[in-house]
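Asks:
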Amino acid sequence: MPSLFASYLRVYEPLTAFDRDRQVFWRKYAREGRALGPVEGPVRQRSAVLEALGAGWTRLPDLPDEAYVLQWGDSLLVCPWNLRLRVAEAALNARDGVPSVLADAFVPPVLAGQAKAIVEDWRSGAKVLEHGVPRVHEQIATWGVPLRWFVFVDLEEREIDLATGKRTLRYRTEISKARRRAHRGVAVLRKSLGDAPITEAVEEGTRWLEEFHPRSIVELDYGGLVNLLPDDVLAGDDSPGLVAAGLSALSRGDADDASAAYEKLVDRWRAVQLLERCN
1 MPSLFASYLR VYEPLTAFDR DRQVFWRKYA REGRALGPVE GPVRQRSAVL
51 EALGAGWTRL PDLPDEAYVL QWGDSLLVCP WNLRLRVAEA ALNARDGVPS
101 VLADAFVPPV LAGQAKAIVE DWRSGAKVLE HGVPRVHEQI ATWGVPLRWF
151 VFVDLEEREI DLATGKRTLR YRTEISKARR RAHRGVAVLR KSLGDAPITE
201 AVEEGTRWLE EFHPRSIVEL DYGGLVNLLP DDVLAGDDSP GLVAAGLSAL
251 SRGDADDASA AYEKLVDRWR AVQLLERCN
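Following this line, the structure appears as structure tokens:
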């Protein structure tokens, strides 16, 4: 389930990416001011998932349609939450490491089967999800930012606000730029490292980006991680720049510079990941 100390990779799509009924719904949703911002949204998501898990589990619950809304120039874009998938993931996670008797009592096998089917449909890219929206618009990572996400953004696209109560750090870019960077990164990694885990991870992210409308916006949001880091660290964060420098070094065959950039990046984010053990 969503954590308060998590980062997010989101795609906001224009209304034309949705069927007619969804367009009407999201336009009304935005007009009525029902959408929460990315600062408040994760708390609402977490509450919705927890409430759904305590619903008695006679079936997978129906959950309201919610989304983040972004005004980008003259275009209204939305990033649906897909809470049904989040509940399915949480149900499966709740069974992990728990004795079968307790797991079956909390999440009965028939419901675990439904949850597994929903998650597998998403992972396989099956075009069968509800409301004609088969795409999952938000990826979540706890206690850090996956290094592969930085391939998709540029340091110059950073938006930062360190005001009390409004702390945010995020990157927003046009999906066409994110895709070009992703394909370029895959090409460099495949040529230099072959079928390494990082190559496969960036390829997976690249395929995910290809699912969306070409006028979408990609957002990498540090989310609740900003509350774990002091202002000077956030202001000086250059993670996308380090990834770009590492890929550039790999492309010209400079293993030493590539390793130096990678080690600096890993050390920076390992410090955040270690905070989970102190929690």
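According to the UniProt record's numbering, the sequence shown holds residues 1 to 279 in order.
All C-beta atoms in this analysis are idealised placements derived from N, C-alpha and C, irrespective of residue type, glycine included.
Since we're looking at a predicted model, the values are computed, not measured.
(1) Taking the beta carbon of residue 247 as the centre, do at least 16 other beta carbons fall within 10 Å, making it buried, or is it exposed?
(2) As a quick exercise: from 75, 76 and 115, pick the residue whose alpha carbon is nearest that of residue 62.
(3) Can you grab the Cα-Cα spacing for the pair residue 135 / residue 12, in whole Å?
(4) Would the region 239-246 count as touching the region 144-155 if we require 3 or more Cβ pairs under 8 Å?
(5) Roughly how many angstroms separate the alpha carbons of residue 230 and residue 265, rounded to a whole number?
(6) Please classify residue 67: does DSSP put it in a helix, a strand, or coil?
(7) How many Å lie between residue 82 and residue 73 at the Cα?
(8) Contact between the region 174-191 and the region 138-152: three or more CB pairs below 8 Å?
(9) In chain order, which beta strand (DSSP E) runs of at least 3 residues are fully inside the region 193-233?
(10) According to DSSP, residue 78 sits in a beta bridge with which residue or residues?
(11) Near residue 41, which residues of its chain fall below 7 Å by C-beta distance, leaving aside the five closest residues on each side in sequence?
(12) Run through DSSP, which three-state label would residue 19 get?
(13) Would DSSP call residue 280 helix, strand or coil?
(14) For residue 268, collect the residues of the same chain with a Cβ closer than 6 Å to its Cβ; drop the 5 residues on either side in sequence, then sort them by chain order.
(15) How big is the Cα-Cα spacing for residue 261 and residue 87?
(16) Does DSSP classify residue 172 as helix, strand or coil?
(17) Does the beta-carbon distance from residue 202 to residue 186 come in below 7 Å?
(18) Apart from the five residues on each side of it in sequence, which residues of its chain come closer than 6 Å, Cβ to Cβ, to residue 205?
(19) Give me whichever residues DSSP pairs with residue 138 in a beta bridge.
(20) Beta carbon of residue 7, beta carbon of residue 145: below 7 Å?
(21) Which class does residue 4 belong to by DSSP, given the choice of helix, strand or coil?
(22) If you run the structure through DSSP and keep just helix, strand and coil, what is residue 41?
(23) Using only alpha-carbon positions, find the residue among 142, 111, 16 and 255 that is nearest to residue 192.
Replies: On the basis of the data shown:
(1) One-based indexing of the sequence shown puts residue 247 at position 247. Here residue 247 is buried: its Cβ has 16 or more other Cβ atoms, across all protein chains shown, within 10 Å.
(2) One-based indexing of the sequence shown puts residue 62 at position 62. Per the Cα distances, 115.
(3) As a working mapping, residue 135 is identified with position 135 in the sequence shown. As a working mapping, residue 12 is identified with position 12 in the sequence shown. Rounded to the nearest angstrom, the gap between the Cα atoms of residue 135 and residue 12 is 11 Å.
(4) Contact between the region 239-246 and the region 144-155 is present, because at least three Cβ pairs lie under 8 Å.
(5) Numbered from its first residue, the sequence shown carries residue 230 at position 230. Numbered from its first residue, the sequence shown carries residue 265 at position 265. Whole-angstrom Cα-Cα distance: 17 Å.
(6) For the purposes of this step, residue 67 is taken as the residue at position 67 of the sequence shown. Correct three-state label for residue 67: strand.
(7) If you number the sequence shown from 1, residue 82 lands on position 82. If you number the sequence shown from 1, residue 73 lands on position 73. When rounded, the distance between both Cα atoms is 25 Å.
(8) yes
(9) 217-221
(10) Here residue 78 refers to the residue found at position 78 when the sequence shown is read from its first residue. Paired residue(s): 13 and 69.
(11) Taking the sequence shown and counting its residues from 1, the one referred to as residue 41 is at position 41. So the list reads 68, once near-sequence residues are dropped.
(12) On the sequence shown, position 19 is the one that residue 19 refers to. Here residue 19 sits in coil by DSSP.
(13) In this structure the chain extends from 1 to 279, so residue 280 is not present and cannot be described.
(14) Within the sequence shown, numbered from 1, the residue matching residue 268 stands at position 268. The answer is none, since no qualifying residue turns up.
(15) As a first step, residue 261 is located in the sequence shown; it is residue number 261 there, counting from the start. As a first step, residue 87 is located in the sequence shown; it is residue number 87 there, counting from the start. Taking the straight line joining both Cα atoms gives about 38 Å.
(16) On the sequence shown, residue 172 is found 172 positions in, with the first residue counted as 1. Three-state result, residue 172: strand.
(17) Reading the sequence shown from its first residue, position 202 is the one you call residue 202. Reading the sequence shown from its first residue, position 186 is the one you call residue 186. Cβ atoms of residue 202 and residue 186: closer than 7 Å.
(18) Residue 205 sits at position 205 when you count from the first residue of the sequence shown. Closer than 6 Å at the Cβ level, and outside the excluded window around residue 205, lie 148.
(19) Translated into positions along the sequence shown, residue 138 becomes position 138. Per DSSP, 10.
(20) Within the sequence shown, the letter at position 7 stands for residue 7. Within the sequence shown, the letter at position 145 stands for residue 145. Residue 145 is positioned such that its CB atom lies closer than 7 Å to that of residue 7.
(21) If you number the sequence shown from 1, residue 4 lands on position 4. Residue state, collapsed to three classes: coil.
(22) Position 41 of the sequence shown, counting from 1, holds the residue named residue 41. Secondary structure of residue 41 (DSSP, three-state): helix.
(23) Indexing the sequence shown from 1 puts residue 192 at position 192. Nearest option by C-alpha distance: 255.
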